[in-house]
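Undergrad: Taking my numbering, the leading residue of the sequence shown gets 1178, the next gets one more, and so forth. Cβ coordinates follow ideal geometry from the N, Cα and C atoms, glycine included.
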Amino acid sequence: AVGISMLMATSAWAQEPAAATAALKGSAAAGEKIAQSGSAGGAAACATCHGAKGEGQAGFPALAGQHAGYLERQLNQMAAGARQTAVMAPMAKALSEQERADVAAFYSSLKLSIKAVRGALPGKDDDSGAWLVERGRWADGIPACAQCHGPGGVGVGKDFPAIGHLPADYMQTQIDAWNKGQREAGPLGLMGAVAKKLTAEDIKAVAAYYQRLHNPAAA
1178 AVGISMLMAT SAWAQEPAAA TAALKGSAAA GEKIAQSGSA GGAAACATCH GAKGEGQAGF
1238 PALAGQHAGY LERQLNQMAA GARQTAVMAP MAKALSEQER ADVAAFYSSL KLSIKAVRGA
1298 LPGKDDDSGA WLVERGRWAD GIPACAQCHG PGGVGVGKDF PAIGHLPADY MQTQIDAWNK
1358 GQREAGPLGL MGAVAKKLTA EDIKAVAAYY QRLHNPAAA
């Protein structure tokens, strides 16, 4: 019963197309200025940590191509303390609501570095990363990552961000944050519930699978 109800919930949320969004008030041009030079209120240039083109670097996730609604909501939650992060909270608070919308609009206008590639459904001898991404682990009530985050982890709408390009260590910090109540549990409380069921080995396996999926030659 748990598996069926979770499948229905994830299917409903995952049907929102990535491009769907309410009319955005953010200005990508204004957001670019903040991203490259910081804000008058004291926020540092986003590029300092997230890369010149939002590509991310060690400890800091890629922002390029993420849904503007998702980015804006995360910045607002950081500013309000609903999402707790020692590094980003002061930056988010130093931005006005309009500036947060502008930054979100800018990064959403950039190209996502991964593509919507779905792997073959894994067989019984395939690794756990493939199973978790493409099939899920329904015995533990864990839906497939692709069910919510789309093929290749490219993200779906404003509620399910792109995750297919995230390193395992960053994924793990977010799992820890959910488990400590430092992040909103997400639509229907889904991610908060799933995080409690994922092990460190699961996270490493998922990240490794996405790496192979998007960079088969390097893997």
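So, do the region 1356 to 1371 and the region 1253 to 1265 have three or more beta carbon pairs nearer to each other than 8 Å?
TA: These segments touch.
Undergrad: Roughly how many angstroms separate the alpha carbons of V1383 and R1389, rounded to a whole number?
TA: Roughly 10 Å between the two C-alpha positions.
Undergrad: Residues in the same chain with beta-carbon distance under 6 Å from H1342, minus the five sequence neighbours each way, listed in chain order, please.
TA: Closer than 6 Å at the Cβ level, and outside the excluded window around H1342, lie A1239, S1290 and I1291.
Undergrad: For A1339 and S1216, I'd like the C-alpha separation in whole angstroms.
TA: Spanning the two alpha carbons is a distance of roughly 26 Å.
Undergrad: Let's test the definition: count the other Cβ atoms within 10 Å of the Cβ of S1214 and tell me whether it reaches 16, buried, or not, exposed.
TA: Result: exposed.
Undergrad: Restricting to Cα atoms, I'd like to know which of A1212, M1268, Q1254 and A1257 is closest to S1285.
TA: Minimum Cα distance to S1285 is reached at A1212.
Undergrad: Inspect the CB distances between the region 1310 to 1324 and the region 1292 to 1299 and report whether three or more fall short of 8 Å.
TA: Contact between the region 1310 to 1324 and the region 1292 to 1299 is present, because at least three Cβ pairs lie under 8 Å.
Undergrad: Please go through the same chain and pick out, in chain order, the residues whose beta-carbon is closer than 6 Å to the beta-carbon of L1252, but skip the five residues on each side of it.
TA: So the list reads A1269 and R1277, once near-sequence residues are dropped.
Undergrad: From what residue to what residue does the alpha helix (DSSP H) around K1270 run?
TA: Counting along the chain, the alpha helix (DSSP H) containing K1270 begins and ends at M1265 to A1271.
Undergrad: Can you say whether A1316 is buried or exposed, counting buried as having 16 or more other CB atoms within 10 angstroms of its CB?
TA: The residue in question, A1316, is exposed, as its Cβ has fewer than 16 Cβ neighbours within 10 Å.
Undergrad: What are the boundary residues of the alpha helix (DSSP H) that V1383 is part of?
TA: Start and end: A1377 to H1391.
Undergrad: Short check: CB of K1335 to CB of H1391, under 8 Å?
TA: Not closer than 8 Å, so no.
Undergrad: Provide the residue span of the alpha helix (DSSP H) that contains V1371, from first to last.
TA: First-last of the alpha helix (DSSP H) with V1371: L1367 to A1372.
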